[in-house]
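Structure first, commentary second.
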Amino acid sequence: AAGVIQSPRHLIKEKRETATLKCYPIPRHDTVYWYQQGPGQDPQFLISFYEKMQSDKGSIPDRFSAQQFSDYHSELNMSSLELGDSALYFCASSLRDKASYGYTFGSGTRLTVV
Amino acid sequence: AQKITQTQPGMFVQEKEAVTLDCTYDTSDQSYGLFWYKQPSSGEMIFLIYQGSYDEQNATEGRYSLNFQKARKSANLVISASQLGDSAMYFCAMREGYSGYSTLTFGKGTMLLVSP
């Protein structure tokens, strides 16, 4: 079965650089979520999209932006990277009317800022 | 206030024993969903089990069962016959409201170590 695909799996950037993370949700899933998980922390919600429109916003810094494209893939753009942005970034997708099927997470992108 | 509370930072269990991971939640919504996820050291987030607030029976998925006590607002995960591969971080999470586009809120997690 198709899963949520995230790329790249690992990314190393220097401070003040930019990074773009990509997420390809499960086909026909209409909602995409982005989460940030710092070392030893629980995942924190950043932003979500429903049918390509932003639907909810969490603790996403102004330096970050995200969008969902016509093919439903989503990108998280991170600028002026800081050391504290080093984390595991998850994308998850779900079908709005089938919440009990769960939110399927991708394998994550591990971002290291040096 | 914390919406999801996992009071056990770490748990140790021997192989083949059962273990219960605690989770309490706080919501004023009548409709909500409770989830358990497993995160091994490799980092991926693996969905284990789901309990809806209106489900009268406790959810079960293979060796996993969810002990849902609505009045106490608890949703404990029970793993029967632990295996070495069960060693991982376990997160309890909640979706408030009915819609599947509501975000998940996670607890701090419980690290489970299974010894031979």
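So the sequence lines, in the order shown, correspond to chains Z and S. Per the working numbering, residue 1081 is the first one in the first sequence, and the count goes up by one each step. Per the working numbering, residue 397 is the first one in the second sequence, and the count goes up by one each step. The beta carbon of each residue, even a glycine, is placed where N, CA and C say it ideally should be.
- Contacts with chain Z at 8 Å (Cβ-Cβ) do not include M490(S).
- Spanning the alpha carbons of S511(S) and Y433(S) requires a straight line of approximately 21 Å.
- Across the segment 437–452 of chain S, CB contacts with chain Z closer than 7 Å involve G439, E440, M441, F443, Y446 and G448, in sequence order along the chain.
- Classified as exposed, P1107(Z) has fewer than 16 neighbouring CB atoms from the shown chains inside 10 Å of its CB.
- Contact of G505(S) with chain Z is assigned, a C-beta pair being separated by under 8 Å.
- Rounded to whole angstroms, the separation of the alpha carbons of E1097(Z) and Y460(S) is 43 Å.
- Per the DSSP secondary-structure output, K434(S) pairs in a beta bridge with I442(S) and Y486(S).
- In this structure, the beta-carbon distance from A471(S) to L500(S) does not fall below 8 Å.
- Under the three-state reduction of DSSP, L480(S) is assigned to helix.
- Residue-level contact by beta carbon fails for T420(S) and chain Z, as no gap is shorter than 8 Å.
- Here the alpha carbons of T401(S) and G1182(Z) stand approximately 20 Å from one another.
- Residues of chain Z whose Cβ lies closer than 8 Å to the Cβ of T456(S) do not exist, since the nearest Cβ in that chain is about 14 Å away.
- Here the C-alpha atom of L1156(Z) lies approximately 20 Å from the C-alpha atom of Q1121(Z).
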